[in-house]
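**Student:** Numbering (the working numbering), first residue to last: 589 to 1148. Glycine is no exception: its CB is placed at the ideal position from the N, C-alpha and C atoms.
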Amino acid sequence: MENKEYESKNFIEEIIEEDLKSGKHGGRVHTRFPPEPNGFLHIGHAKAICLNFGLAEKYNGKTNLRFDDTNPATEETAYVEAIKKDIKWLGFDWEDREYYASDYFPQLYAFAHKLIDKGLAYVDDLTAEQMAEQKGTPTTPGVNSPNRDRSIEENKQLFTEMKEGKHADGSLVLRAKVDMASPNMLMRDPILYRIKRETHHRTGDDWCIYPMYDFAHGQSDSIEEITHSLCSLEFRHHRDLYDWLIQSLEIFPSMQREFSRMNVEYMITSKRKLLKLVTEGHVTGWDDPRMPTLSGLRKKGYPPVAIRNFIDKVGMTKRENLIDLSLLEFCVREELNKQADRVNVVLDPLKVVITNYPEGQTETLKALNNPEDEEPTYRELTFGREIYIDRKDFMIDPPKKYFRMAPERNVRLKYAYILNCEKYVLDENGKVTEVHCSYYTNTKSGEDNSGIKAKGTLHWVGAEGSVQVKVNLYENLFTDPTPDAHEGKDYLEFINPDSLQVIDGALAEASLASAAPGTVFQFMRTGYFVVDESSTTDEVVFNRTVSLKDSWAKKQAKKS
RNA sequence: UGACCCAUGGUGUAAUUGGCAACACAUCGGUUUUUGGUACCGACAUUCUAGGUUCGAGUCCUAGUGGGUCAACCA
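(1) Quick one: what's Gly1115 bridged to in DSSP?
(2) Indicate the three-state DSSP secondary structure (helix, strand or coil) for Ala1141 in the structure shown.
(3) Can you look up Gly1050 in the DSSP assignment and give me helix, strand or coil?
(4) Using the C-alpha atoms, what's the distance from Pro1085 back to Gln927?
(5) Cutting at 8 Å between CB atoms, please list the residues of its own chain near Asp875, excluding the five before and the five after it.
(6) So what does DSSP say about Tyr1012, is it helix, strand or coil?
(7) What is the C-beta distance between Ser808 and Arg654, in whole angstroms, given that I count them as a contact (C-beta under 8 Å)?
(8) At the level of alpha carbons, what is the spacing between Tyr1062 and Ile977?
(9) Can you tell me whether Tyr966 is buried or exposed, with buried defined as 16 or more other CB within 10 angstroms of its CB?
(10) If you draw a straight line from the C-alpha of Lys1142 to the C-alpha of Glu1121, how long is it?
(11) Take the Cβ of Glu663 as the centre, count every other Cβ of all protein chains shown within 10 Å, and call the residue buried at 16 or more, exposed below.
(12) Please report the residue range of the beta strand (DSSP E) in which Val1090 lies.
(13) Would you mind working out which of Tyr697, Phe1066, Asp712 and Val1134 sits nearest Glu752, comparing C-alpha positions?
(14) Specify, as a first and last residue, the run of the alpha helix (DSSP H) that Val766 falls within.
(15) Pull up the distance between the alpha-carbon of Ala634 and that of Val1020, whole angstroms please.
(16) Would you be able to state if there are at least three C-beta pairs under 8 Å between the stretch 928-944 and the stretch 973-992?
(17) Do the stretch 892-899 and the stretch 917-926 meet, that is, are 3 or more Cβ pairs less than 8 Å apart?
(18) Assuming Ser733 and Asp712 are in contact, meaning their beta carbons sit under 8 Å apart, how far apart are those beta carbons, in whole angstroms?
(19) On the DSSP letters alone, give me the boundaries of the beta strand (DSSP E) that Cys1025 sits inside.
(20) What is the rounded straight-line gap between the Cα of Ile814 and the Cα of Met843?
(21) How would you call Lys592, buried or exposed, if buried means at least 16 neighbouring beta carbons within 10 angstroms?
(22) Which same chain residues end up closer than 6 Å to Ile797 when comparing Cβ atoms and leaving out the 5 residues on each side of it in sequence?
(23) Return helix, strand or coil for Phe599, following the three-state DSSP convention.
(24) From the DSSP output, in three-state form, read off Phe747 for me.
(25) According to DSSP, what are the bridge partners of Asp712?
(26) Quick one: what's got a C-beta closer than 6 Å to Lys1002's C-beta in the same chain, skipping five residues either side?
(27) DSSP has Lys939 in a bridge; who is on the other side?
(28) Spatial neighbours of Leu746 within its chain, please: C-beta separation below 6 Å, excluding the five flanking residues on both sides.
(29) Under three-state DSSP, which class holds Arg785?
(30) Which residue comes first and which comes last in the alpha helix (DSSP H) that contains Ile631?
(31) With DSSP run on the structure shown, which of helix, strand or coil describes Thr658?
(32) Leaving out five residues on either side along the sequence, give the residues of the same chain with a beta carbon under 7 Å from the beta carbon of Asn1131.
(33) Within the chosen definition, does the stretch 848-860 reach the stretch 644-658 through at least 3 CB pairs nearer than 8 Å?
(34) Quick check on Ser842: does DSSP put it in helix, strand or coil?
(35) Tell me whether Lys765 is buried or exposed, calling it buried when 16 or more other Cβ atoms sit within 10 Å of its Cβ.
(36) Pick out whichever of Arg1000, Pro1069, Ser836 and Met904 has its Cα sitting closest to the Cα of Asp912.
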C-alpha cells in the first residue's frame, strides 16, 4: 500500500477527508467508542474499536471511550472494567477521556426542558400498548396522542414531577413532538424519557427517570464535540432523529454515519444470545475460549495484532457480509508463525523403544526455537532409548503417500536420528502398545553424512525429560456457519457437542514445565497452543489456539 | 404493500472517480523443505438483469430483480 501513488480509502475516510478539505470543525477529527456496559466486548466490537481509534490515529485526532449507560436494569460496573481491559489489550488508549452518558444526566434533563419550552416535547400517559397501537405501521401513518397538545406549562410541571418521583414507573413518558405520519417509525413521536426506579451502577438512586438511547447518544456526542459518530447500519433510521434533536436543541452538530456490522462464520455476536450461553452453562463464562468475545479470543491465544490485521483485511463498507472463519485463522497463524517458539508435544503418546540405543544412556540435542527468527536461539532436548511419538504417526498398514512411521520404514526424528521401524507390539485388543526401532548412529541431525533417506520427519519427546500436561482442544462452538440465521430453529440447536476435547495425558518436552501463562507455542506439526492462566508448576494447561494447516489430513478427509 | 440502505470471483474488499477488473483468504495443482508448517510459482470473474448516454460504463441515467433494516418505556 505504501508503494502506491494513491491510497484507496473507505467511504468513511472519504467523508472525513472531504470535511478536512472544507475546514469543517477546524480540521478536527474526534471519534468515540460507545459501548453499553451490559456484557463483554466481542469480535464485532473490535471492528468499531479499530475504526474509531484507527481513524483518530490516522487523522491526528482523538477518541473518547464513553459508556452508554442509560439503562440501569442491565448495566454493571464489572462490565465496565472488562470492557476497559479488552480495549487496552487490543492496543488502544483513550488516555484521560473516559466518559459516561450517566455523567450527563443533569445536562440531558436540562435539554429535555429546553425541548418542552420550544413546544417540541410533551408528557404522555398512554400505556405502552396504546402507544404501539397509535404508532401505526411502516405502511400506515400513526395518529396523534390525545396528550400531544398539552400546554408547555403543564408539560414542564409533569416532567418535573416525573423527575421528583411523584409518578409510578411506566405511568408517564416524555415524547418528542415530531411527526406521527413520518415514513420513519422512529420519528413518530419517540420516547425521550421513561420512569424507572432502578439502581444505576454509577448514579445509584439519584434518578428515577432515564433518557432513552436517542436522547442520550447524540446529545453525548454533541457535549463531547464528537465530529464523526460512527455506528452500525441498523442505526441508519436513528440518524433522522439524531439530526432533528441536535437541530432542535441547537447544540454541537456531530455527524452520524453507519457502516455494516461484521459477521464471522460460526460466531454469533448478539449479546443476548451470548449471555444465554453463559447463564445456561454451554460455556464456562464470557471468556470461554469458544466465545467470540475478546476475552475468549485472548484466552484462546489469539494475538491482538492478529485481530487488528483481520479487521483491516475485512474492510469497511455498508454491505451485508459473512466473513470466512479461515481469514481470521489465517491472520492468527500468520502472526503466531512469527511469534511462537516451536516445541515438541505429543498429544497421544505411543512408546518407541530404540533397541540399539544403550540402556540408561541419554544425550542432549540442540533444537531451534523458531526458524522465522533472524537471530536463531536454541534449547535442549533429552534423547534416550525410550521416546514417545504421536499415535497417528504410526500405521501398521499405511496408505499410499503416508510418510510417517510404519514397519520396515525409515523416519527422521526432528533434531535427532533416523529410525528404522523393526516391529510393533499389540495388546489383547489389537491396539499397538509400543514400537521397536533401531537408529542409524551416523544420522544425527546436523552431522548426517550417511546418505540414508527418510521421507517423513516426526516430532517426539524423550521418556526421560518430559512432563505430562493437560491440553484443551477447542473447536467451533457451533456446527453451522450461521447458527442464528435459520428461521424456526434456535441457535442452541447448532451447539457443537464436541467443541471441547480435554487431553490429560499429553507429554511435553521438559522446557514447558515452567511455561509462563499467556505464552503461545507452536506444538510442532500440530498447532498453536497458549498456556492457560490457570497453569501452575504442578499442572501446565494448554488451550489450542488454532491448528496448523494440514494438507495431508485434508487429503485424507476428502478420500473418505 | 411504505421509507431507507445495499448489490464486483466461493468469501471479503480494490479499481487513481468514465479508460487494460486488482489484492487477500479459500479451493485446486506444482516447487522448496529435517514441521505434510513456512516460503515460492501457477489456475480460478460475461462486475444482479434489461435498456440508455458515451469513442469508451463496474462506475452515469431509467426500469426491474434480489438481499437487508425499521412498528422495545433496549442500546
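**Tutor:** In short:
(1) As a first step, residue 1115 is located in the first sequence; it is residue number 527 there, counting from the start. Bridge partners of Gly1115: Phe1111 and Ser1135.
(2) Within the first sequence, residue 1141 is the residue found at index 553, counting from 1. Ala1141 falls in the helix class under three-state DSSP.
(3) Residue mapping note: residue 1050 aligns to position 462 of the first sequence, counting from 1. Here DSSP, grouped into helix, strand and coil, assigns Gly1050 to strand.
(4) Residue mapping note: residue 927 aligns to position 339 of the first sequence, counting from 1. Residue mapping note: residue 1085 aligns to position 497 of the first sequence, counting from 1. Taking the straight line joining both Cα atoms gives about 32 Å.
(5) For this step, residue 875 is matched to residue 287 along the first sequence. A distance below 8 Å between beta-carbons, with the five flanking residues on each side excluded, links Asp875 to the following residues of its chain, in chain order: Phe628, Thr881, Ser883, Gly884, Arg886 and Lys887.
(6) Counted from its first residue, the first sequence places residue 1012 at position 424. Tyr1012: strand per DSSP, three-state reduction.
(7) If you number the first sequence from 1, residue 808 lands on position 220. If you number the first sequence from 1, residue 654 lands on position 66. Arg654 and Ser808 do touch by the CB rule: their CB atoms are close to 6 Å apart, below 8 Å.
(8) As a first step, residue 1062 is located in the first sequence; it is residue number 474 there, counting from the start. As a first step, residue 977 is located in the first sequence; it is residue number 389 there, counting from the start. Tyr1062 and Ile977: Cα-Cα distance of roughly 22 Å.
(9) Here residue 966 is taken as the residue at index 378 of the first sequence, counted from 1. Exposed is the call here.
(10) Within the first sequence, residue 1142 is the residue found at index 554, counting from 1. Within the first sequence, residue 1121 is the residue found at index 533, counting from 1. If I take the Cα positions, the gap works out to 32 Å.
(11) Numbered from 1 along the first sequence, position 75 holds the residue referred to as residue 663. Residue burial annotation: Glu663 is buried, with at least 16 other C-beta atoms found within 10 angstroms of its C-beta.
(12) Locating residue 1090 in the first sequence gives position 502, counting from the first residue. For Val1090, the enclosing beta strand (DSSP E) has its first and last residue at Leu1088 to Glu1097.
(13) Position 164 of the first sequence holds residue 752. The shortest C-alpha separation from Glu752 is found at Tyr697.
(14) Along the first sequence, one-based indexing puts residue 766 at 178. Premise fails: Val766 is in no alpha helix (DSSP H) and is neither H nor E.
(15) The count along the first sequence starts at 1 and reaches residue 634 at position 46. The count along the first sequence starts at 1 and reaches residue 1020 at position 432. Computed Cα separation, rounded: 48 Å.
(16) Touching, yes, given that three or more Cβ pairs across the two stretches are closer than 8 Å.
(17) A contact between stretches requires three or more CB pairs, one per stretch, nearer than 8 Å, and the stretch 892-899 meets this requirement with the stretch 917-926.
(18) Numbered from 1 along the first sequence, position 145 holds the residue referred to as residue 733. Numbered from 1 along the first sequence, position 124 holds the residue referred to as residue 712. With a beta-carbon spacing of about 5 Å, Ser733 and Asp712 fall inside the 8 Å limit used to define contacts.
(19) Within the first sequence, the letter at position 437 stands for residue 1025. First-last of the beta strand (DSSP E) with Cys1025: Val1020 to Tyr1027.
(20) On the first sequence, residue 814 is found 226 positions in, with the first residue counted as 1. On the first sequence, residue 843 is found 255 positions in, with the first residue counted as 1. About 8 Å.
(21) Working through the first sequence from its first residue, we reach residue 592 at position 4. Confidence at Lys592 is low in this model, with a pLDDT of 43, below 50, so the placement of that residue should be treated as unreliable; the coordinate-derived value is given next. In this structure Lys592 is exposed. Its beta-carbon is surrounded by fewer than 16 other beta-carbon atoms within 10 angstroms.
(22) Counted from its first residue, the first sequence places residue 797 at position 209. Closer than 6 Å at the Cβ level, and outside the excluded window around Ile797, lie Met750, Lys751, Tyr781 and Ile783.
(23) Counting from one through the first sequence, the residue named residue 599 turns up at place 11. Three-state DSSP puts Phe599 in a helix.
(24) Here residue 747 corresponds to residue number 159 of the first sequence, with the count starting at 1. Correct three-state label for Phe747: helix.
(25) Position 124 of the first sequence, counted from the start, is the residue given in the question as residue 712. Asp712 is bridged to Val761.
(26) Translated into the one-based positions of the first sequence, residue 1002 becomes position 414. Excluding positions up to five away in sequence, the list reads Thr1045 and His1047.
(27) Against the first sequence, residue 939 aligns to sequence position 351. Its beta-bridge partners are Tyr976 and Glu1022.
(28) By one-based count along the first sequence, residue 746 stands at place 158. Excluding positions up to five away in sequence, the list reads Val711.
(29) The residue you call residue 785 lines up with position 197 of the first sequence. In the structure shown, Arg785 sits in coil (DSSP, three-state: anything other than H, G, I, E or B).
(30) Locating residue 631 in the first sequence gives position 43, where the first residue counts as 1. Looking at the DSSP string, the run of the alpha helix (DSSP H) that includes Ile631 is Ile631 to Lys646.
(31) Start at 1 with the first residue of the first sequence, and residue 658 comes out as number 70. Three-state result, Thr658: coil.
(32) As a working note, residue 1131 is residue 543 in the first sequence. Excluding residues within five positions, the ones whose Cβ falls inside 7 Å are Pro877, Lys887, Lys888, Gly889, Asn1060, Tyr1062, Phe1117, Val1118 and Asp1120.
(33) The answer is no - the stretch 644-658 does not touch the stretch 848-860, with fewer than three Cβ pairs under 8 Å.
(34) Along the first sequence, one-based indexing puts residue 842 at 254. Three-state DSSP puts Ser842 in coil, outside helix and strand.
(35) For this step, residue 765 is matched to residue 177 along the first sequence. Under this definition Lys765 is a buried residue.
(36) Translated into positions along the first sequence, residue 912 becomes position 324. For the options Arg1000, Pro1069, Ser836 and Met904, the alpha carbon positioned closest to that of Asp912 is the one of Pro1069.
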